[in-house]
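Keeping their order, the protein sequence lines are chains Z and S. Using the working numbering, the first residue of the first sequence is number 7, and each one after it goes up by one. Using the working numbering, the first residue of the second sequence is number 7, and each one after it goes up by one.
Protein chains: 2
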Amino acid sequence: MRIAIIGAGALGLYYGAMLQRAGNEVQFLLRRDFEAVCSRGLTVTSPKGDFHLARVLGFRNPDEMGPADLVLVGLKTIDNERLAELVRPLMQKNTAVLTLQNGLGNEELLAEAFGPERVLGGVAFLCSNRGAPGTVHHLGEGAVRLGEFSGKFSARAEGLAATFSAAGIPCQSVPDLVKARWEKLVWNIPFNGLCALTGKTTSDLLASPAVREQALALMGEVVEAANAQGLSNPIDGNAFCARMMGLTEGMDRYRPSMMIDRQEGRPLELEAIFGTPLRRAAEKGVEMTRVRLLEALLKLGE
Amino acid sequence: MRIAIIGAGALGLYYGAMLQRAGNEVQFLLRRDFEAVCSRGLTVTSPKGDFHLARVLGFRNPDEMGPADLVLVGLKTIDNERLAELVRPLMQKNTAVLTLQNGLGNEELLAEAFGPERVLGGVAFLCSNRGAPGTVHHLGEGAVRLGEFSGKFSARAEGLAATFSAAGIPCQSVPDLVKARWEKLVWNIPFNGLCALTGKTTSDLLASPAVREQALALMGEVVEAANAQGLSNPIDGNAFCARMMGLTEGMDRYRPSMMIDRQEGRPLELEAIFGTPLRRAAEKGVEMTRVRLLEALLKLGE
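The structure is reproduced here in structure tokens:
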């Protein structure tokens with residue numbers, strides 16, 4: 007499969023490398039890593055085994071890329087104003103575009119630009135950080151759940167899930183992408199938010215009984231908002247939150263992406279992870295009280 | 007009047023100096039400022055006019071102080087385990103003790119040690135910071151509202167209010183000390199809490215519409231908890247919060263005491279300003295949702 011990676015950060019570099027290693031023809035749109043990757047290739051460190059790709063197709067400009075069967079989008083949502091223009095040169099007759107970006111609103115942007123039938127979305131439960139140029143650190147997890155923006159079953163989504171799985175990326179196609187997106191937010195909102203605000207890692211947060219209680223309460227607010235969105239079937243809040251807590255306990259002093267963005271002085275993905283979810287919750291009459299406070303405090307540092 | 011100041015920080019030094027200037031005989035229990043005050047006196051800078059007291063009675067040990075008609079307590083509540091032992095040597099037959107400390111629970115401690123009939127409490131709306139040793143900066147405000155712990159009208163409380171007023175400290179005696187304490191918390195909880203957590207001044211907070219909205223929402227939670235305490239008459243939430251917002255707008259980049267404590271690496275007065283109010287709210291069936299989140303985040307930095 008010919009795959010173009012748009013937004014080759016910690017997520018795009020890792021999944022792109024895994025897909026290339028499995029035999030797919032992968033092209034990467036690069037900024038920071040362009041020179042390192044083109045001259046020395048791409049190195050992945052991982053508890054599942056480090057590996058190095060000596061020859062990597064890196065580009066500075068999407069006009070030079072393609073053709074592609076799949077455009078995989080890992081762009082930071084703060085750059086979404088450039089999303090359509092970056093993806094457009096790659097969209098040929100049958101190209102599909104899969105966004106694994108954070109939060110809500112990304113599929114809608116792509117659907118508006120290219121038509122809803124082209125668009126898939128997914129959520130990645132991936133702990134990864136960028137290392138020095140040309141290196142990405144996979145810290146743990148990595149599963150993807152993807153589905154059609156249209157919400158329908160498709161052979162295309164099934165096929166993509168199979169391609170990912172064959173590349174060592176546990177992947178499921180899901181019938182209800184909206185639900186998958188909100189489930190991801192049940193983790194992202196508390197842990198990205200609290201870690202970015204306090205400068206503390208996931209392990210630091212969980213070591214405080216009071217903060218653990220608040221993380222659970224934030225999760226509960228997101229579940230309530232999610233279940234007001236008309237999901238195919240509701241999220242079982244207690245069980246799901248307990249599972250997310252368990253996953254988080256397994257993370258070793260993890261710094262979520264929003265925390266790293268704050269520490270490195272970059273803007274935060276507040277609109278995708280907080281603003282749009284808060285708006286969609288309010289549209290259904292759900293006020294996420296604690297989430298709103300957390301958002302306001304995060305905005306203050308911008 | 008013979009007045010002993012226990013806990014001569016920004017509040018104790020300022021009120022003590024004002025009371026001495028007006029002709030009262032004031033003794034100060036000092037730690038950090040002992041040598042500077044004993045050798046060079048005490049300097050107050052203030053928008054109402056700077057002044058200097060050349061001869062100030064400073065002590066290192068409460069056993070050497072007294073006798074006193076009034077013990078005025080300005081001790082940080084984090085040192086409350088030492089409160090009774092510091093005050094005890096000064097408590098003669100008719101000595102009254104007035105605590106202007108932050109938060110809830112201070113009068114109860116004194117009442118347990120010395121009997122409820124000895125105890126008055128008050129709230130100070132004072133913006134002041136300590137300067138170099140021997141100097142205190144009065145930045146603005148300064149009014150005191152005080153009352154008997156017993157909740158009854160007393161000539162003693164009236165007399166104290168008159169003494170304070172005569173010294174240039176606007177002062178009212180109030181029949182409902184519990185209400186006055188909670189009214190103060192309506193300001194203290196949001197602004198001490200948010201400034202300490204974020205490291206931003208009051209002006210920075212108010213410049214953000216989202217944070218201003220949250221400050222108002224926090225105020226609203228405290229008003230609801232206050233009004234569940236069986237006050238003599240309820241706080242008029244909208245009017246009172248609007249007045250507190252107006253006061254805060256008049257503060258120029260003010261750093262509340264809890265923010266300074268955090269910045270200087272000292273423990274925060276979390277039990278008096280957050281813990282006890284949250285418990286008393288919960289006892290009346292009121293859950294202060296946002297306040298609880300703020301407390302948890304503040305605890306994390308301790």
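Cβ atoms here follow ideal geometry from the backbone N, Cα and C, with glycine treated the same way. Keep in mind it's a predicted model, so treat the numbers as computed, not measured.
Quiz item: Quick one, which of 132/Z, 68/Z, 21/Z and 86/Z has its alpha-carbon nearest residue 166/Z's?
Solution: Numbered from 1 along the first sequence, position 160 holds the residue referred to as residue 166/Z. That would be 21/Z, whose Cα lies nearest to the Cα of residue 166/Z.
Self-check item: Exposure label - residue 170/Z; buried when at least 16 CB within 10 Å
Solution: Here residue 170/Z refers to the residue found at position 164 when the first sequence is read from its first residue. It counts as buried.
Quiz item: At what residue ranges does the region 259-298 of chain S contain a whole run of the alpha helix (DSSP H), taking only runs of 4 or more?
Solution: 263-269 and 282-289
Quiz item: With burial defined as no fewer than 16 other Cβ atoms inside 10 Å of the residue's Cβ, what is the status of residue 320/S: buried or exposed?
Solution: Examination of residue 320/S is not possible in this model, given that chain S is present from 7 through 308 alone.
Self-check item: C-beta neighbour in chain Z for residue 217/S, strict 7 Å
Solution: Position 211 of the second sequence, counting from 1, holds the residue named residue 217/S. So, interface residue.
Practice problem: Identify whether residue 110/Z lies in helix, strand or coil by the three-state DSSP scheme. | Solution: As a position in the first sequence, residue 110/Z is number 104, starting the count at 1. Coil, per DSSP.
Quiz prompt | Selection from 307/Z, 19/Z and 81/Z that minimises the alpha carbon distance to residue 205/Z | solution = Position 199 of the first sequence, counted from the start, is the residue given in the question as residue 205/Z. The shortest Cα separation from residue 205/Z among 307/Z, 19/Z and 81/Z belongs to 307/Z.
Quiz item: Counting only beta-carbon atoms, is residue 269/Z nearer than 7 Å to chain S?
Solution: By one-based count along the first sequence, residue 269/Z stands at place 263. For residue 269/Z, the answer is no, since every Cβ of chain S falls outside 7 Å of its Cβ.
Quiz prompt | Contacts that residue 296/Z makes with chain S (C-beta to C-beta distance below 9 Å) | solution = As a position in the first sequence, residue 296/Z is number 290, starting the count at 1. Neighbours of residue 296/Z on chain S, chain order: 295, 296, 298 and 299.
Practice problem: Please state whether DSSP places residue 175/S in a helix, a strand or coil. | Solution: Position 169 of the second sequence, counted from the first residue, corresponds to residue 175/S. Coil.
Exercise. With DSSP as the reference, label residue 19/S as helix, strand or coil.
Key: Start at 1 with the first residue of the second sequence, and residue 19/S comes out as number 13. Of the three classes helix, strand and coil, the one that applies to residue 19/S here is helix, per DSSP.
Practice problem: Might you give, ordered along the chain, the residues of its own chain that have their beta carbon closer than 6 Å to the beta carbon of residue 19/Z, omitting 5 neighbours on each side? | Solution: Within the first sequence, numbered from 1, the residue matching residue 19/Z stands at position 13. So the list reads 142, once near-sequence residues are dropped.
Quiz item: Nearest-angstrom Cα distance between residue 234/S and residue 294/S?
Solution: In the second sequence, residue 234/S corresponds to position 228, counting from 1. In the second sequence, residue 294/S corresponds to position 288, counting from 1. Their Cα atoms are separated by approximately 12 Å.
Quiz item: Who pairs with residue 9/Z in a beta bridge, going by DSSP?
Solution: By 1-based counting over the first sequence, the position of residue 9/Z is 3. In the DSSP output, where bridge partners are listed per residue, residue 9/Z has 32/Z and 76/Z.
Practice problem: Assign residue 207/S to one of three DSSP states: helix, strand, or coil. | Solution: Locating residue 207/S in the second sequence gives position 201, where the first residue counts as 1. Coil, per DSSP.
Quiz item: Taking C-beta to C-beta, are residue 32/Z and residue 64/Z nearer than 7 Å?
Solution: For the purposes of this step, residue 32/Z is taken as the residue at position 26 of the first sequence. For the purposes of this step, residue 64/Z is taken as the residue at position 58 of the first sequence. No; because the gap between Cβ atoms is not below 7 Å, this pair is not in contact.
Quiz item: Beta carbon of residue 223/Z, beta carbon of residue 296/Z: below 7 Å?
Solution: Taking the first sequence and counting its residues from 1, one reaches residue 223/Z at position 217. Taking the first sequence and counting its residues from 1, one reaches residue 296/Z at position 290. Yes; because the gap between Cβ atoms is below 7 Å, this pair is in contact.
Exercise. Using beta-carbon positions only, say whether residue 25/Z and residue 12/Z come within less than 7 Å of one another.
Key: Working through the first sequence from its first residue, we reach residue 25/Z at position 19. Working through the first sequence from its first residue, we reach residue 12/Z at position 6. No, Cβ-Cβ distance for residue 25/Z and residue 12/Z is not below 7 Å.
Quiz prompt | Per-residue contacts from residue 204/Z into chain S (C-beta, under 7 Å) | solution = Taking the first sequence and counting its residues from 1, the one referred to as residue 204/Z is at position 198. Going along chain S in sequence order, the residues near residue 204/Z (Cβ under 7 Å) are 303 and 306.
Quiz item: Relative to the alpha-carbon of residue 278/Z, which residue among 97/Z, 212/Z and 113/Z has its alpha-carbon at the smallest distance?
Solution: By one-based count along the first sequence, residue 278/Z stands at place 272. It is 113/Z.
Quiz item: Among the residues of its own chain, which have a CB less than 7 Å from the CB of residue 243/S, if the five just before and after it don't count?
Solution: Mapped onto the second sequence, residue 243/S falls at position 237. Excluding positions up to five away in sequence, the list reads 226 and 229.
Exercise. Kindly indicate the opening and closing residues of the beta strand (DSSP E) around residue 146/S.
Key: Looking up residue 146/S in the second sequence gives position 140. Element bounds for residue 146/S: 141-154.
Quiz item: What residue ranges within the region 40-91 of chain S form continuous alpha helix (DSSP H) runs of no fewer than 4 residues, ordered along the chain?
Solution: 40-46
Quiz prompt | Inter-residue spacing [alpha-carbon to alpha-carbon] between residue 160/S and residue 292/Z | solution = Counting from 1 along the second sequence, the entry for residue 160/S is found at position 154. Counting from 1 along the first sequence, the entry for residue 292/Z is found at position 286. Those two C-alpha atoms are separated by around 50 Å.
Practice problem: Would you identify the three-state DSSP class for residue 248/Z, choosing helix, strand or coil? | Solution: To locate residue 248/Z, count along the first sequence from 1; it is residue 242. Looking at residue 248/Z - three-state DSSP - the assignment turns out to be helix.
Quiz item: Can residue 280/Z and residue 301/Z be called in contact, C-beta distance under 7 Å?
Solution: Position 274 of the first sequence, counting from 1, holds the residue named residue 280/Z. Position 295 of the first sequence, counting from 1, holds the residue named residue 301/Z. Yes; because the gap between Cβ atoms is below 7 Å, this pair is in contact.
Quiz item: When we look at the beta-carbon of residue 219/Z and count the other beta-carbons within 10 Å, is it buried (16 or more) or exposed?
Solution: For this step, residue 219/Z is matched to residue 213 along the first sequence. Counting Cβ neighbours within 10 Å, residue 219/Z comes out exposed, since fewer than 16 surround it.
Self-check item: Limits of the unbroken alpha helix (DSSP H) element including residue 256/S
Solution: For the purposes of this step, residue 256/S is identified with residue 250 of the second sequence, where counting begins at 1. From DSSP, residue 256/S is part of no alpha helix (DSSP H); its letter is neither H nor E.
Quiz item: From the beta carbon of residue 220/S, is the nearest beta carbon of chain Z less than 7 Å away?
Solution: By one-based count along the second sequence, residue 220/S stands at place 214. Chain Z contact via Cβ: present.
Quiz item: Leaving out the 5 sequence neighbours to the left and right, which residues in its chain are closer than 8 Å to residue 98/Z when beta-carbon positions are compared?
Solution: For the purposes of this step, residue 98/Z is taken as residue 92 along the first sequence, with counting starting at 1. Cβ neighbours of residue 98/Z beyond the five flanking positions: 72, 73 and 74.
Quiz item: Taking the alpha helix (DSSP H) that residue 218/S falls in, what are its first and last residues?
Solution: As a working mapping, residue 218/S is identified with position 212 in the second sequence. Note, residue 218/S: alpha helix (DSSP H), 215-233.
Quiz item: Under a three-way DSSP split, which group does residue 103/Z fall into?
Solution: Here the question's residue 103/Z lines up with position 97 in the first sequence. If DSSP states are grouped into helix, strand and coil, residue 103/Z belongs with the strands.
Quiz prompt | DSSP-derived helix/strand/coil call for residue 136/S | solution = Residue mapping note: residue 136/S aligns to position 130 of the second sequence, counting from 1. Three-state result, residue 136/S: strand.
Quiz item: When the distance is taken between beta carbons, is residue 190/Z closer than 7 Å to residue 129/Z?
Solution: Mapped onto the first sequence, residue 129/Z falls at position 123. Mapped onto the first sequence, residue 190/Z falls at position 184. Contact: yes.
Self-check item: C-beta contact flag for residue 196/Z and residue 221/Z at 7 Å
Solution: Your numbering for residue 196/Z matches position 190 in the first sequence. Your numbering for residue 221/Z matches position 215 in the first sequence. Closer than 7 Å, so yes.
Quiz prompt | Distance, residue 270/S Cα to residue 276/S Cα | solution = Sequence index remark: in the second sequence, residue 276/S carries index 270 (1-based). Sequence index remark: in the second sequence, residue 270/S carries index 264 (1-based). Rounded to the nearest angstrom, the two C-alpha atoms are 16 Å apart.
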